[in-house]
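K.L.:
Got a structure for you, written out below as structure tokens; questions coming shortly.
Numbering (our numbering), first residue to last: 3 to 194.
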């Protein structure tokens, strides 16, 4: 039996975990641990080739990654998604730099430089894209005021949030509220 950690691109939600886990287990591959971007598996090498496992992952709509820098960039993306979309930090978003440094065990300068070099977008712009998408979700939930959302998403003011929102989406918050489906994007479309 071989035990291996797979690094998987474009896993952005908990449904992705279920899909990959079910697809691997369907063939008798043991899944020891799953988290966004990673699967720790054990399989019989006499029954399954690495290509077969790669094909299972691809068949699920994902991609295996082996390049060290690509793995690091994917882990950075997932950390941003985790922080912005899933942390439920209603008291104010944790300082993104502190969170990423702790999560990646690298300096913020290294994280930012590696990300920008390999992703053709700066880390700051990537974070802003996700903060605006999360802002859209929070606006549509009607649970929070714009002032509360600005605080939660770490904008200095409602004015700062509104300006950034318009700059990123091309529309004002009020226009978005009138026709949200036109401007909403899924998380996986933000990281391609």
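Just so it is clear, CB atoms sit at the ideal spot from N, CA and C, and this is done for glycine as well.
1. Going by Cα to Cα distance, which pick from 80, 69, 72 and 70 is closest to residue 15?
2. Please classify residue 123 as buried or exposed, where buried requires at least 16 other C-beta atoms within 10 Å of its C-beta.
3. Which partner residues does residue 37 have in the DSSP bridge list?
4. So, do the segment 159 to 169 and the segment 114 to 123 have three or more beta carbon pairs nearer to each other than 8 Å?
5. Residue 116 and residue 71 look like a contact to me (Cβ under 8 Å); what is the Cβ gap, rounded to whole Å?
6. Between which residues of its own chain and residue 98 is the CB-CB distance below 7 Å, once the five residues before and five after are set aside?
7. Are residue 19 and residue 36 close, meaning C-beta to C-beta below 7 Å?
8. Closer than 8 Å is the cut-off here; do at least three beta carbon pairs connect the segment 49 to 66 with the segment 23 to 41?
9. State the Cα-Cα distance for the pair residue 136 and residue 58, rounded to the nearest angstrom.
10. Residues in the same chain with beta-carbon distance under 8 Å from residue 23, minus the five sequence neighbours each way, listed in chain order, please.
11. Considering residue 85, what are the terminal residues of the beta strand (DSSP E) in which it resides?
12. Give the DSSP-derived three-state secondary structure of residue 104 in the structure shown.
13. For residue 93, is the classification buried or exposed, using 16 other Cβ atoms within 10 angstroms of its Cβ as the cut-off for buried?
14. Among 102, 169, 60 and 89, which has the Cα closest to the Cα of residue 76?
15. Give me, in chain order, the residues of the same chain whose beta-carbon lies closer than 6 Å to that of residue 148; leave out the 5 immediate sequence neighbours on both sides.
16. Have a look at the DSSP bridge pairing and note the partners of residue 5.
P.N.:
Quick look at the numbers:
1. 80
2. exposed
3. 40
4. no
5. 6 Å
6. 85 and 129
7. yes
8. yes
9. 31 Å
10. 33, 36 and 41
11. Note, residue 85: premise wrong, no beta strand (DSSP E); not H, not E.
12. helix
13. Only weak support exists for where residue 93 lies, its pLDDT of 48 falling under 50; the coordinates are left without a value.
14. 102
15. 160
16. 44
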